[in-house]
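All remarks here apply to the structure that follows.
Protein chains: 4
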Amino acid sequence: MKELKSFASDNNSGAHPAIMEAVVKANIGHLKSYGEDEMSIDTDEVFKEFFGSQARIHYVTTGTAANVLGLRAVTHTYNSVLCAEQAHINNDECGAPEAFGGIKLVPIPSQDGKLTPGAIAPYLGHVGFVHASQPKVISITQPTELGKLYTLKEIEDIVEFAHDRDLLVHLDGARMANACAALNCSFFDMTTALDVDLVSFGGTKNGCLMGEAVIFLNPDIGQGFPYLRKQAMQLVSKMRFVSAQLERYLRDDLWLINARQANSMATRLAEKAGAIEGVTIKGDVDCNALFAHIPPEATEILLEKYYFYIWDEHDHTVRWMTSWATTEDMVDEFVNDIRKAVEAVK
Amino acid sequence: MKELKSFASDNNSGAHPAIMEAVVKANIGHLKSYGEDEMSIDTDEVFKEFFGSQARIHYVTTGTAANVLGLRAVTHTYNSVLCAEQAHINNDECGAPEAFGGIKLVPIPSQDGKLTPGAIAPYLGHVGFVHASQPKVISITQPTELGKLYTLKEIEDIVEFAHDRDLLVHLDGARMANACAALNCSFFDMTTALDVDLVSFGGTKNGCLMGEAVIFLNPDIGQGFPYLRKQAMQLVSKMRFVSAQLERYLRDDLWLINARQANSMATRLAEKAGAIEGVTIKGDVDCNALFAHIPPEATEILLEKYYFYIWDEHDHTVRWMTSWATTEDMVDEFVNDIRKAVEAVK
Amino acid sequence: MKELKSFASDNNSGAHPAIMEAVVKANIGHLKSYGEDEMSIDTDEVFKEFFGSQARIHYVTTGTAANVLGLRAVTHTYNSVLCAEQAHINNDECGAPEAFGGIKLVPIPSQDGKLTPGAIAPYLGHVGFVHASQPKVISITQPTELGKLYTLKEIEDIVEFAHDRDLLVHLDGARMANACAALNCSFFDMTTALDVDLVSFGGTKNGCLMGEAVIFLNPDIGQGFPYLRKQAMQLVSKMRFVSAQLERYLRDDLWLINARQANSMATRLAEKAGAIEGVTIKGDVDCNALFAHIPPEATEILLEKYYFYIWDEHDHTVRWMTSWATTEDMVDEFVNDIRKAVEAVK
Amino acid sequence: MKELKSFASDNNSGAHPAIMEAVVKANIGHLKSYGEDEMSIDTDEVFKEFFGSQARIHYVTTGTAANVLGLRAVTHTYNSVLCAEQAHINNDECGAPEAFGGIKLVPIPSQDGKLTPGAIAPYLGHVGFVHASQPKVISITQPTELGKLYTLKEIEDIVEFAHDRDLLVHLDGARMANACAALNCSFFDMTTALDVDLVSFGGTKNGCLMGEAVIFLNPDIGQGFPYLRKQAMQLVSKMRFVSAQLERYLRDDLWLINARQANSMATRLAEKAGAIEGVTIKGDVDCNALFAHIPPEATEILLEKYYFYIWDEHDHTVRWMTSWATTEDMVDEFVNDIRKAVEAVK
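So the protein lines, in turn, are chains A, B, C and D.
End of the first sequence sits at 382 in the working numbering; the numbers just go up one at a time, nothing left out.
End of the second sequence sits at 382 in the working numbering; the numbers just go up one at a time, nothing left out.
End of the third sequence sits at 382 in the working numbering; the numbers just go up one at a time, nothing left out.
End of the fourth sequence sits at 382 in the working numbering; the numbers just go up one at a time, nothing left out.
See below:
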């Protein structure tokens, strides 16, 4: 089996060696199961150091589970969740929010996957009108599916707007480490300090094997979550193998080191590839995703050796994504091949 | 952190070293995600060697997921699933079959968690009657929640009974390795050869970190399952870390060696503990679970050092369970402590 | 089209003429829709005279809707509802509680469809255990599916037992008028006075065209019900045609007169048919349903002219049910035909 | 109780006298329940005269039920239904399609509530991609929520587009009588002849008390619907009182006479009110709904006497709707009052 040369997704990376080592070390014999082991309980405490002592943390195995179950826990089926039309919950979870979350999504048009109070406001009508789903949560993704970042002030504004209207704010943080690295802030700064109510916390894309969490920051929500997680088929028996990953991920700045590596490799790729005639990088690169215009024939040549997504067939945009495992050499080799491909098709 | 002295559940064991090694070896860099990697595709082929070429295998992370999603895939919400009242789906999944599977369960009284055509028949009335859920699946657990085994003939009889009535047969095989080891038969002998329609295949309890699968043997069912699995939040991105476990689990008889170890340790415990005056082993020990009458005061003493479940407070029954990781020394130490505890309370 | 000679169900009767007249009178031109019309609002007030001022009343179109939505409104999907195994919610709603209510039902064995604290207690284990559905509601049916009545004291005992354990009590009162008539008590006596939490109130079987209601008596439950009813497809637009029925049903003792007629016709039938040699009435006749042993060949003869259900093919039991529309002449003609049929097959 | 002067919705009208008479006549004594009565069976046959012999007709009590259950019957939860953003299923059913239908809706931007193949096409990507809900149904509303009509050719084009892509077409016909009257065509012409797959047929707004139906025209879909309807709490016991309405509605052109009256009263209102200086009718009036710009102060005056909706507060648009029960005198009186109100605020 040979490794893939991938700029497709940070999901294509493996696990960081230190995290793999933590998994191996967790294999110490018999422990209690279903999250009642000391290792999982200790990891909760580590999370509280990052998110505040009132945080309640529940581990799950996929980002879709974190999103759907977090949202389900804070809504009635007659509530709606407002999100950008590009949101993962709207496009990339195969209808899970509706079918397994019992949630009505209200997708809001957006250019870059970001919401603003002004964009949300027109979709909040009909409060108290029995024929309409009642808005309950604003869900934002940080960074967005288009690789863009909310500033802390922008998040704060959305939270204020939401709380004024008795709405909750959910932050889909599948890649929140990349966002914090880019904004040079802590998880606490981005969530607890801004009164975000609940978070989907992702570890998988940034170096774990499989480790995600639902984190309730608002003490008034999510009370029955342990039952819901079990019912939702997400209570793994040998939980230590999940919590050990996340404990290591949070320790010794590993999450930050990994995220910085991913982000800086994206910047390097943007700078070097963007300098090639015939390649245009679309917009700024906020984190670890970039979008480029490139001749479609060059894309075809590159796809023989590399794995990445054509984002829009019509305007010849491709998405390139870097990860904690992307190295300078990988970027440079890729840039070299891009240059050759573009020249070959001139 | 110190290891637990546990006879509570095979879930308390860690991962078999060979399986942990396979996980470490799977960490080779970038691979496609969501099960499209070669490693996962190859593991499918290994499963087909065990279950036949028509088998379709879908990996999930919990036994509850395997049960609920397998059953959901083959039922309409107006169907019912018949099971023993002791079934895991009825008692131990926090209502997941109903809430996330859309399934009406019909629990059937049973002494040992086993069903028979005779016990099922009275619950099959009202076919075609629009007010009644329409029976669609008979779900059996092998071994049962009470540690008992169906003979192959008994399974065959249930399948014949089911198919004569246009019903499917689901086998909850969270511990099916233990069953095959005890009955000295292959997975194929126990399922495909008997025309069982779908199987929940468990690897976690017998040495994996986290590895379960839904296996459709009947070619006419389960077509949309990949969408359902994604929607049900069970499509993990770095699937190789699941499939690598199961590939190793199936290779070199590891599943069988582990299951035999668990079973033989239960037999050893039953023989040695059963010989202690004041301790009575209830019934035969078919696999790796045993139930014992023991003075409640002795149980209290033992629970200070060991972890296991009081099964029935009223008749002073405890459940002891062994695993692939249980050793002769552990059993003998435990037996010794049982003897002391029983003597201490005489 | 000719009328059916039916002793099958009170559902086979038409509408009482006074109720039909009320529907005709409600047709006065334009009114607000969806229950915001004065007629519906006034009917709420009439209900409060019967159930107390704290009652909140929501009209629906079927008894299944009343049961499922009332229960859904007071449960999380990880809760369970305990009921007799014969309960309508368990057997006669095609899995609606599970599929549309998200409810785990725990059916409890019973001889006559009645529950007792003693029968319920063994099914209340596992509180706080994340693997088990958490008990939340005890649902009783008055009269039961087997035509039996709880005394007020028996209901009171169940409510006390429930409230001591933080459980709610739901009374399925599809035929509660018959129960109140038989026990010579008011709706208030049977529910509000006993601290029952919520009621499915039936009007259809006792003289309405289509008129049922969910009534919350406990002020702490069911807050979001109007949204749930709309979402559950039960908010009819021209609500006045439902509420007008129920207003008339409650006025001038119509509900009581109708129920007494049904009950007394059942008693008459039991006495007269029971006196025929070869016919045995099983147990006491509490309300308007009776169960009789009768030679199967006689049943065949009777079914040529009459419509009723064979309750149990094996022990030759039939169910006969009377309604507000059953007359003495109808009973006497039926008894005469029973006698002839039984004699013919001797 | 005094009648409402309503131009708010055709839901505010009562029942047509001939239909009320049919309900009264249906009250002939005992009949079989749950739709097994001759009256309901005969009504099925009447519907087949209108929709073709292959049509299967299932009565329900609300338009929301017809939409949600029809769509649920033809989809898996991992399918999506594409509709205009203004669709009733998207905005006016309180999330029922998602929560009780298990359906992912994909709302498509539209000016007048109409869809076209060109507007739909961009939303059909990701077929076979496991992360995305799989498109299955295009749902169109005729007339739309904005009172606009599809021509038969436009429907035909959508059906052809859909069937080419293995999609079904659902027609939400809550007001389809108004559409057929306006287009001078039959129900058959608008649905069966164009290969529409399933229809939500509405009778309530056009003269019934409560009478809607799900009609499957495509013989390959909707097989289990009777179970689904029961489970969805929509199987009324005394079905004759629903079917009798619809039978009369279809007989002697009553549906057409009523619809023509509603439509022509809307035209009259548009012509006469549109001639008032200060009032502008927006666009053409296709059926029985019209939208008008009118000074907001005039609206306030009118709302003291009349009941209608402010459609858009920002651009001072109101919606006026006529029904089968709207008379020329009512229109003329309303027009007179509009004139006075507009003049009063000049």
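Cβ atoms here follow ideal geometry from the backbone N, Cα and C, with glycine treated the same way.
1) Look at the Cβ atom of Asp-231/A, then the Cβ atom of His-199/A, and state whether they are nearer than 8 Å.
2) Could you tell me the alpha carbon to alpha carbon distance between Lys-266/C and Ala-306/C, rounded to whole angstroms?
3) Would you mind telling me which residues of chain B sit closer than 8 Å to Ala-62/C, beta carbon to beta carbon, in chain order?
4) Using a Cβ cut-off of 7 Å, pull out every chain B residue sitting near Asn-127/C, in sequence order please.
5) So, at 7 Å on beta carbons, what are the nonlocal neighbours of Ser-146/B in its own chain, with the 5 sequence-adjacent residues on each side left out?
6) Would you mind telling me which residues of chain G sit closer than 9 Å to Thr-177/B, beta carbon to beta carbon, in chain order?
7) With 8 Å as the threshold, decide whether the Cβ of Ile-191/B is near any Cβ in chain C.
8) Chain D partners of Gly-260/B, CB-CB under 7 Å?
9) Starting from Ser-116/B and walking both ways along the beta strand (DSSP E), at which residues does that stretch end?
10) Can you check DSSP and say which residues form a bridge with His-329/D?
11) Could you tell me the distance, in whole angstroms, from the CA atom of Val-82/D to the CA atom of Glu-196/D?
12) Sorted by chain position, which residues of the same chain lie with C-beta nearer than 6 Å to Ala-215/C's C-beta, five sequence neighbours on each side aside?
13) Check the Cβ-Cβ distances between Asn-299/A and every residue of chain B, and say whether any is below 8 Å.
14) Since Val-5/D meets chain C, which of its residues come closer than 7 Å, beta carbon to beta carbon?
15) Could you name the residues of chain B that Val-272/A contacts, counting a contact when the two beta carbons are closer than 7 Å?
16) List the residues of chain C that Lys-266/A touches, going by C-beta distances under 7 Å, in chain order.
17) Verify the CB distance criterion: does Tyr-186/A have a CB-CB separation below 8 Å to chain C?
18) Skipping 5 residues on each side, what residues in its chain have a beta carbon closer than 8 Å to that of Ser-69/D?
19) Return the chain-ordered list of same chain residues with a C-beta closer than 7 Å to the C-beta of Ile-346/B, the five sequence neighbours on each side being excluded.
20) Identify each residue in the segment 123-147 of chain C for which the Cβ-Cβ distance to at least one residue of chain D is less than 8 Å, and report them in chain order.
21) Note down, in chain order, all residues in the segment 328-348 of chain D with a beta-carbon under 8 Å from any beta-carbon belonging to chain B.
22) Tell me which residues share the same chain as Ala-51/A and place their Cβ nearer than 6 Å to its Cβ, disregarding the 5 neighbours each side in the sequence.
23) Within 10 Å of its beta-carbon, does His-94/B have 16 or more other beta-carbons around it, so buried, or fewer, so exposed?
24) What does the alpha-carbon distance come out to for the pair Gly-164/C and Gln-170/C?
25) My assumption, with CB atoms under 8 Å, is that Leu-264/A sits in contact with Leu-105/A. Please give the rounded CB distance.
26) Going by beta carbon distance, what residues of the same chain come within less than 7 Å of Gln-281/D, once the five residues before and after it are set aside?
27) Let me check understanding here. Comparing Cα to Cα, which of Asn-115/D, Met-269/D, His-329/D lies closest to Met-202/D?
28) Pairs of beta-carbons, one from the segment 289-305 of chain D and one from the segment 324-343 of chain D, closer than 8 Å: are there three or more?
29) Name the two residues that bound the continuous alpha helix (DSSP H) containing Ala-155/C.
30) Does the beta carbon of Tyr-263/D sit closer than 8 Å to a beta carbon anywhere in chain B?
31) Would Val-166/D and Cys-130/A be called neighbours here (beta carbons separated by less than 8 Å)?
32) Val-110/C and Gly-258/C - do their beta-carbons sit closer together than 8 Å?
33) Grouping DSSP H, G and I as helix and E and B as strand, with all else coil, what is Phe-252/C?
34) Could you check the C-alpha separation between Asn-126/B and Asp-233/A for me, to the nearest Å?
35) Could you confirm whether any beta carbon from chain B is found closer than 8 Å to the beta carbon of His-66/A?
36) Between Leu-40/D and chain C, is the shortest Cβ-Cβ distance under 8 Å, so that the two count as touching?
Put simply:
1) yes
2) 43 Å
3) Those within 8 Å of Ala-62/C in chain B number zero; the least Cβ separation is about 30 Å.
4) Ala-168
5) Ala-120, Glu-121, Gln-122, Ala-155
6) Checking the listed chains, one finds no chain G in this structure; the protein chains it contains are A, B, C and D.
7) Interface residue (Cβ-Cβ distance to chain C less than 8 Å): Ile-191/B is not classified as such.
8) His-112, Tyr-114
9) 115-120
10) Thr-316/D, Thr-353/D
11) 28 Å
12) Gln-178, Pro-179, Leu-185
13) no
14) Absent from the structure is residue 5/D, since the part of chain D shown begins at 37 and ends at 382.
15) Thr-97, Thr-98, Met-246
16) Those within 7 Å of Lys-266/A in chain C are Val-166, His-167.
17) Interface annotation, Tyr-186/A: not in contact with chain C, CB-CB separation never under 8 Å.
18) Ser-273, Lys-274, Met-275
19) Cβ within range, chain order: Thr-335, Val-354.
20) Glu-129, Cys-130, Gly-131, Ala-132, Ala-135, Phe-136
21) none
22) Leu-245
23) buried
24) 7 Å
25) 6 Å
26) The answer, listed in chain order, is Ile-55, Ala-58, Val-59, Gly-239, Cys-244, Leu-245, Gly-247.
27) Note on residue identity: the sequence assigns Asp, not Met, to residue 202/D. The candidate whose alpha carbon is nearest that of Asp-202/D is Asn-115/D.
28) yes
29) 153-156
30) At least one CB atom of chain B sits nearer than 8 Å to the CB of Tyr-263/D.
31) yes
32) For Gly-258/C and Val-110/C, yes; Cβs fall inside 8 Å.
33) Taken through DSSP and simplified to helix, strand or coil, Phe-252/C comes out as strand.
34) So the alpha carbons of these two residues sit roughly 34 Å apart.
35) In terms of beta-carbon proximity, His-66/A lines the interface with chain B, with at least one pair separated by less than 8 Å.
36) Closer than 8 Å to some Cβ of chain C, the Cβ of Leu-40/D qualifies, so yes.
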